[in-house]
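For the sequence shown, this note's numbering begins at 245 and goes up steadily by one. We put the beta carbon where it would ideally sit given N, CA and C, even for glycine. Here the structure is laid out as structure tokens; the discussion comes afterwards.
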Amino acid sequence: MTRSICIIDGHPDPDPDHLVHALCDAYAEGAEATDHTVSRIRVADFDMPFLNSEKEFAMPPPEPVLSERQKIANADHLVIAFPLWMGGMPAKLKVFFEQAARAEFFLKTGESDHEWPERMMKGKSARIIVTMGMPDLVYRFGMDAGALKALERGVLGLSGFKPMHHTIIGGVGALTPSKVESWFEFMKEIGGQAV
245 MTRSICIIDG HPDPDPDHLV HALCDAYAEG AEATDHTVSR IRVADFDMPF
295 LNSEKEFAMP PPEPVLSERQ KIANADHLVI AFPLWMGGMP AKLKVFFEQA
345 ARAEFFLKTG ESDHEWPERM MKGKSARIIV TMGMPDLVYR FGMDAGALKA
395 LERGVLGLSG FKPMHHTIIG GVGALTPSKV ESWFEFMKEI GGQAV
């Protein structure tokens, strides 16, 4: 069964030499080779303001976020890739999610304060890809994979994405060319499976 996939490339630097960009390209290549439909969002391409108030959050976001988030709405499967910066996702990616979430995009408020918000992303699946300089085991167990868990349990989990999978790539500065190539092959494989 073919699926519609939205890939969010969360690296804030547009320099094409970054591993995250290449991983997104490999995932897209694998997906398109098996006839899945792929749309892409590159946060490096946008200049987005920070949210400053609850009033702003209740209103639709400005362009280009308003149009770009439609790619998420249209997708069956969401892929989010980012480098770990200071233990979390880059600020620009977080700003994108905050802007995209405006006007009840991910969660729709219930009729009363006691009613659970409606999960607007039910029926969609997700994969998170995180790259980092530290060894992945240090991140998983020493740092408890904090940024990953925050994303899975926060915006994605609360809004209904399920199932969710993740890939953690540690020690990127020490990866050999053959290991990098094996990660690209893995991305093509899971892209082809749309997982």
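Closest option to Ala275, judged by alpha-carbon separation, among Ser248, Gly332, Gly386, Met376: Ser248. Distance from the Cα of Met364 is smallest, within the candidate group Ser356, Leu351, Ala370, Asp357, for Leu351. Between the C-alpha atoms of Glu298 and Ala347 there is a straight-line separation of about 10 Å. Only exposed fits Thr246, as fewer than 16 other CB atoms lie within 10 angstroms of its CB.
Partner residues in the beta bridge of Cys250, as assigned by DSSP, are Ser283, Leu322. Contact between the region 256-276 and the region 292-309 is absent: fewer than three C-beta pairs spanning the two stretches fall below 8 Å. In the DSSP assignment, His265 falls within the unbroken alpha helix (DSSP H) covering 263-277. In the three-state scheme derived from DSSP, where H, G and I count as helix and E and B as strand, Ala370 is classed as strand. For Pro258, the CB contacts under 8 Å within the same chain, skipping 5 residues up- and downstream, are Arg286, Ala288, Asp289 in chain order. Ala270 is classed as buried because its beta carbon has at least 16 other beta carbons within 10 Å across all chains shown. By the CB criterion at 8 Å, Ser369 and Phe340 fall outside the cutoff.
For Met330, the closest C-alpha among the options Gly398, Met387, Leu400 is that of Met387.
Here Glu359 is exposed. Its C-beta has fewer than 16 other C-beta atoms within 10 Å.
Just measuring C-alpha positions, the residue of Lys423, Pro407, Met408 sitting nearest Gly414 is Lys423. The C-alpha of Leu322 is placed about 8 Å away from the C-alpha of Ile252. In the assembly as shown, Arg313 is a buried residue. Its beta-carbon has 16 or more other beta-carbons within 10 Å.
Assigned with DSSP and collapsed to three states, Arg363 falls in strand.
Looking at the DSSP output, His358 bridges to nothing.
Per DSSP, the unbroken alpha helix (DSSP H) holding Met431 starts and ends at 421-437.
Burial check for Gly398: the Cβ neighbour count within 10 Å stays below 16, so the residue is exposed.
In this structure, Ala394 and Leu328 do not form a Cβ contact; the two beta carbons are roughly 12 Å apart against a cut-off of 8 Å.
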